[in-house]
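Chemist: Note that the numbering used here has the sequence shown beginning at 111, numbered continuously upward.
Note that CB positions come from ideal geometry on N, CA and C, so glycine has one too.
Bear in mind that the values here come from a model prediction, so they are computed numbers and not experimental data.
Dropping a structure here in structure tokens format, bear with me for questions.
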Amino acid sequence: MRRRASSLPVLLFFTLLLCGAVLPQHAAPAQNARRELRGVWLTTLLGLDWPAASLRGNVEAQKQALRDILDDLRERHYNTVFFQVRSRGNAMYRSAFEPWASEMTGVLGRDPGWDPLAFAIAECHARGLQLHAWFNVCRVWSKGDPPASDPMHVARLHPEWVQRFGDDLWIDPGIPAARSYTVQVAEDLVRSYAVDGLHFDYVRYPDRGFKDDDTYRRFGGGKGLDDWRRDNVCAFVQEAYARCTALRPSLQVGSAPIGIYQNLPTAKGWEGRNAIYQDSRRWLRDGYHDYVVPQIYWGLVRKGSKIDFEALVADWKRGASGRQVFPGIAAYKDNVQPWLADHIDAARDRGGDGVVFFRYEHVKGNALGGRFDHVAIPPAMPWRDALRPNPPMRLRGENGSLAWDAPVAASDGDVASWYAVYRRDAHGGSDAPVALLPASQLRWTLPAGISADEFTVTALDAFWNESATAGAGAAIAAADAAGSPAEEIVAAPSIPVFEPRISTPQAAGNDLVLLGYELGQPEFVRLRLMDSNGAESLVLVDGWQGTGTHVIGIERDRLPDDVRRYFFEAGDLRIIMDFTIEN
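As structure tokens, this is what we get:
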């Protein structure tokens, strides 16, 4: 391994080459992970998860039922809700284009008298949950034809855009005007609502047998049918990503492709790329997707499944171009439900960045074998934003609460979107947060009998970059006699310490690469390997580390092929260094 030009000091740790070197995992194998997405699809189609048909017309009962679901998710340390807003060409929000979903009132297009999406966003954020708007793209109606409504359903307004396939109506993605309309529907949603993410489903053809001969003659342009169909779906995804993120720069965009991209030796079935023209790896590679939630709806081979869940997770992660993969788990299946904790372990062990369960009803009240026993923060998205926010200010104890002031804006203008509360350990550091709070909340009620000096707070931006801690390494100082006796101020550290330092990566024989760093005090450390496009390839460290020298041993055959730089964050220090790996 050869280092490129740099003015940074070189620290060599050859005395520690074989002493306590830590081999990084592709994912945390422990029962809890500090950084992972924990999500659930909340299905509104037919009121499967919410709202129940028995609650139609009863606004307060509908609201309370949704609160109860979100309370359960918060209690069980989820951090993301995929809330279905467009199930079949309809809307669970005030749309400028499409009719209200009949699930709210029993009648397509009837105004329910309140805004479920606005309510869901506010209630999710109040509980430390981000909300991704789950948006079905091409499948726009099921069973028969949509009734008359105001506004008119797209299948009645533009029947020339729609084809029947089985019992369902599908928008033809080969018609440019149909794609443009659907993008406009998504734009209207993103413009009007502060959703954290836009999550596409059914962004595909129904199958090879789709009747689009006339569309192909009109718009095929000499391409082969398969390539043309793939290009049509890609054109929608690319345009939606560009236009929606332009409207809301903090927006995360992803989708739920079917679970097999292309067949593997141990996982053969319906292929996303070739059977339904869903080239999701192209979306990731070309930069118009931030994540995928592949529907890997099979069990584990060791539990009798003929399709290998673990092999599919690893395959999706290899093909993600450094973007995030949250394996979708079929909690509703009999050969999956008893082993949900094992699926979480398998997803972590194979490099998944989190998990998402289909659907809420099938994980309601489930403790998941303790796998979510602690709060977790979703992983950062450095290809969108790699700049950390500034830390919260004036951390203090106040009337039985931990309180703080909002940080000043970072150099890119970002302010806090969330706060994480940590309890300090005996060394002044911490591991998992104890609470995740919205930006509007600047105080947190202390547990009974525990003082404010045992806690600290960080700020997080919309892409989950985390600040240094407020008052890191400090102690609570006695309130000034002239001040309020009810307020305690967290004092800044008065003992100087040297800045964290990191070495050049060093080869140790043919099989091992070493990377060392040194800390003068406990710090929260993130150390990531990035590819040539700046996308995250492998996370080596993500958590609190103690004072002293740390050496990480990385097996060469576990390094991604396109590693080009590392990104080191410790306290307020950030270092990006390029390097090469000799074969």
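Which value, in whole angstroms, describes the spacing of the CA atoms of G464 and A457?
Modeler: Roughly 7 angstroms separates the two Cα atoms.
Chemist: How do the stretch 369-376 and the stretch 340-351 stand: do at least 3 beta-carbon pairs fall below 8 angstroms, yes or no?
Modeler: No, the stretch 369-376 does not touch the stretch 340-351.
Chemist: CB-CB under 8 angstroms to A352, same chain, minus the five flanking residues each way: which ones, in chain order?
Modeler: Answer for A352: Y398, listed in chain order.
Chemist: Quick one: is E270 buried, meaning 16 or more other Cβ sit within 10 Å of its Cβ, or exposed?
Modeler: Exposed, since its Cβ has fewer than 16 Cβ neighbours within 10 Å.
Chemist: Out of curiosity, what's the CA-to-CA distance linking H309 and W244?
Modeler: Rounded to whole angstroms, H309 to W244 spans 5 angstroms at the Cα level.
Chemist: Distance, Cα to Cα, D396 vs S561?
Modeler: Those two C-alpha atoms are separated by around 50 angstroms.
Chemist: Taking just the CA atoms, how far does R433 sit from A513?
Modeler: When rounded, the distance between both Cα atoms is 35 angstroms.
Chemist: Looking only at its chain, what residues have a beta carbon closer than 7 angstroms to the beta carbon of T215, apart from the 5 residues adjacent to it on each side?
Modeler: Contacts found: R166, G167, P222.
Chemist: Do G238 and L450 count as a contact pair if the criterion is CB distance below 8 angstroms?
Modeler: For L450 and G238, no; Cβs fall outside 8 angstroms.
Chemist: Could you tell me which of E170, G461, F229 sits nearest to F193, measuring between CA atoms?
Modeler: Checked all of E170, G461, F229; the closest Cα to F193 is F229.
Chemist: Using three-state DSSP, classify F419 as helix, strand or coil.
Modeler: Helix at F419.
Chemist: Starting from T565, follow its DSSP beta bridges and name the residues at the other end.
Modeler: In the sequence under discussion, the amino acid at residue 565 is Phe, which differs from the Thr named in the question. Its beta-bridge partners are R533.
Chemist: Am I right that P502 and A569 are in contact with their C-beta atoms under 8 angstroms? What's the rounded C-beta distance?
Modeler: About 5 angstroms separates the two Cβ atoms, so the contact holds.
Chemist: Using the C-alpha atoms, what's the distance from D159 back to Y676?
Modeler: Looking at the two C-alpha atoms, the distance is approximately 43 angstroms.
Chemist: Using only the alpha-carbon positions, how far apart do S205 and R391 sit?
Modeler: Each residue's Cα considered, the two are about 31 angstroms apart.
Chemist: Can you list, in chain order, the residues of its chain with a C-beta nearer than 7 angstroms to that of R358? Leave out the 5 residues immediately preceding and following it.
Modeler: Same-chain partners within the cutoff: V300.
Chemist: Do three or more CB pairs link the stretch 288-304 to the stretch 328-339 at distances below 8 angstroms?
Modeler: Flag = no, the stretch 288-304 and the stretch 328-339 do not touch.
Chemist: What residues match up with R611 in a beta bridge as DSSP calls it?
Modeler: According to DSSP, R611 bridges with E628.
Chemist: Ignoring anything shorter than 4 residues or poking outside the stretch 236-318, list the alpha helix (DSSP H) runs there in chain order.
Modeler: Counting whole runs of 4 or more residues, the stretch 236-318 contains the alpha helix (DSSP H) stretches 264-267, 286-302.
Chemist: Per DSSP, what kind of secondary structure is D672 in: helix, strand or coil?
Modeler: Coil at D672, not helix or strand.
Chemist: DSSP three-state label for G663, please.
Modeler: It is a strand residue.
Chemist: In this structure, how does DSSP classify R351 when only helix, strand and coil are distinguished?
Modeler: In the sequence on display, residue 351 carries Tyr and not Arg. Helix at Y351.
Chemist: Express the C-alpha separation of N246 and E679 in angstroms, rounding to a whole number.
Modeler: Their backbone Cα atoms lie some 38 angstroms apart in a straight line.
Chemist: Rounded to the nearest angstrom, what separates P437 and N509 at their Cα positions?
Modeler: P437 and N509: Cα-Cα distance of roughly 43 angstroms.
Chemist: Cα separation between I664 and Q616?
Modeler: Spanning the two alpha carbons is a distance of roughly 10 angstroms.
Chemist: Output the boundary residues of the beta strand (DSSP E) element that contains S647.
Modeler: Counting along the chain, the beta strand (DSSP E) containing S647 begins and ends at 646-655.
Chemist: Whose C-beta lies closer than 8 angstroms to the C-beta of G414 among residues of the same chain, with five residues either side of it excluded?
Modeler: Only N445 meet the Cβ criterion.
Chemist: What is the C-beta distance between F482 and R184, in whole angstroms, given that I count them as a contact (C-beta under 8 angstroms)?
Modeler: F482 to R184, Cβ: 11 angstroms. No contact.
Chemist: Who are the Cβ neighbours of D89 in its own chain at under 8 angstroms, not counting the five residues just before and after it?
Modeler: For the chain, the structure presents residues 111 to 693; residue 89 sits outside this window and is missing.
Chemist: What do you get for G681, buried or exposed, if any count of 16 or more other CB atoms within 10 angstroms of its CB means buried?
Modeler: Burial call: buried.
Chemist: Short of 7 angstroms in beta carbon distance, which residues of its chain neighbour R314, apart from the five on each side in sequence? Order them along the chain.
Modeler: Closer than 7 angstroms at Cβ, skipping near neighbours: C248, V343, I386, Y387, Q388.
Chemist: Around the C-beta of D688, are 16 or more other C-beta atoms found within 10 angstroms, so that it is buried, or is it exposed?
Modeler: When all chains shown are included, D688 counts as exposed.
Chemist: If we call anything under 8 angstroms between Cβ atoms a contact, is L520 one with P499?
Modeler: A small fix is needed here, since residue 520 is Ala in this sequence, not Leu. Taking 8 angstroms as the Cβ cut-off, A520 and P499 qualify as a contacting pair.
Chemist: Who pairs with A466 in a beta bridge, going by DSSP?
Modeler: Per the sequence shown, residue 466 should be read as Val rather than Ala. DSSP output for V466 lists G149, G438 as bridge partner(s).
Chemist: How far does the alpha helix (DSSP H) with E701 in it reach, from first residue to last?
Modeler: Given that the chain is displayed from residue 111 to residue 693, the structure contains no residue 701 and the question cannot be resolved.
Chemist: Please classify S164: is it buried, with 16 or more other beta-carbons within 10 angstroms of its beta-carbon, or exposed?
Modeler: Looking at its Cβ environment, which holds fewer than 16 other Cβ atoms inside 10 Å, S164 is exposed.
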